[in-house]
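Colleague: Numbering (UniProt numbering), first residue to last: 1 to 278.
This is the structure I want to talk about, given as structure tokens.
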């Protein structure tokens, strides 16, 4: 009986994993491979060799990478600043940082429509100061998707990094300053290497979130700048093409896994390099 105890303990989790992860995944893969004519990968080859489909896939990857890079560049100094202030200000700044996550995605996107539209805040401002004579196209572009996605996912990067930077010992930073290191050099040589794990985790969350986002790309990018999630919805709900929708879903899953694995490999390599230099 005692020998069976470990299996009994993990049984509930295994059953939940089977029903809520494995079976849905099999349900996605099965119709894309096994058709009426037999087993075939034609659904994948036809999707990946179609120029229109490939354009949407590459756009999704490009936007996801750009959003991740911008979030990292803006998130690192922001998190460093928040981690260094007192508890009172830190709570306020963290609440302000989390605000985009607490706002409904549709309301958030419509706010950006009012800002980026032809009669929006930015175009009106540029016309008034004389930089442009006619409104420029900001809405329904990749630029609009990137701006909206950064606004949405930057808080995720910041919150991830704040937790990492709070664990950096102040004595280490004070020792660097005592030895004559400038604040910039301290940040670049000490803080940055120590927060790499947080950057990796934040990048995975931001990239995955951007890759699978639906509302923001749909409302800010429109059909002319379709992303994979909106393309999947169109195939499934509008066209009723569930096989193509399953192919898109699996491609998104595989892409996410590859990127996550790549970032984890980079983190492991950096850790080994730090250990060798230590």
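Glycine included, every Cβ here is placed at the ideal spot set by N, Cα and C.
No experiment lies behind these values; they were computed from the predicted model shown.
1) Considering residue 218, what are the terminal residues of the alpha helix (DSSP H) in which it resides?
2) What separation, rounded to the nearest whole angstrom, lies between the Cα atoms of residue 93 and residue 9?
3) State the start and end residues of the unbroken alpha helix (DSSP H) segment that holds residue 241.
4) Rounded to the nearest angstrom, what separates residue 146 and residue 11 at their Cα positions?
5) Label residue 108 either buried or exposed according to how many other C-beta atoms from any shown protein chain fall within 10 Å of its C-beta, with 16 as the threshold for buried.
6) Would the beta-carbon of residue 60 fall within 8 angstroms of that of residue 228?
7) Could you check the C-alpha separation between residue 112 and residue 122 for me, to the nearest Å?
8) For residue 176, I'd like the list of residues in its chain whose CB is within less than 8 angstroms of its CB, leaving aside the five on either flank, ordered along the chain.
9) What residues are listed by DSSP as bridge partners for residue 39?
10) According to DSSP, is residue 118 helix, strand or coil?
11) Report yes if the C-beta distance between residue 149 and residue 63 is below 8 angstroms; otherwise report no.
12) Is there contact between the segment 203-217 and the segment 117-133, where contact requires at least three CB pairs shorter than 8 angstroms?
Modeller: Looking at the coordinates:
1) Judged by DSSP secondary structure, residue 218 falls within the alpha helix (DSSP H) whose first and last residues are 215-221.
2) So the alpha carbons of these two residues sit roughly 42 angstroms apart.
3) For residue 241, there is no enclosing alpha helix (DSSP H), since its DSSP letter is neither H nor E.
4) Between the C-alpha atoms of residue 146 and residue 11 there is a straight-line separation of about 43 angstroms.
5) Residue 108 is buried by the Cβ-count criterion.
6) A Cβ-Cβ contact shorter than 8 angstroms links residue 60 with residue 228.
7) Rounded to whole angstroms, residue 112 to residue 122 spans 10 angstroms at the Cα level.
8) Contacts found: 185, 186, 189, 190.
9) Bridge partners of residue 39 according to DSSP: 34.
10) Reduced to three states, the DSSP call for residue 118 is coil.
11) Here residue 149 is near residue 63, since their CB atoms are less than 8 angstroms apart.
12) Not touching, per the Cβ criterion.
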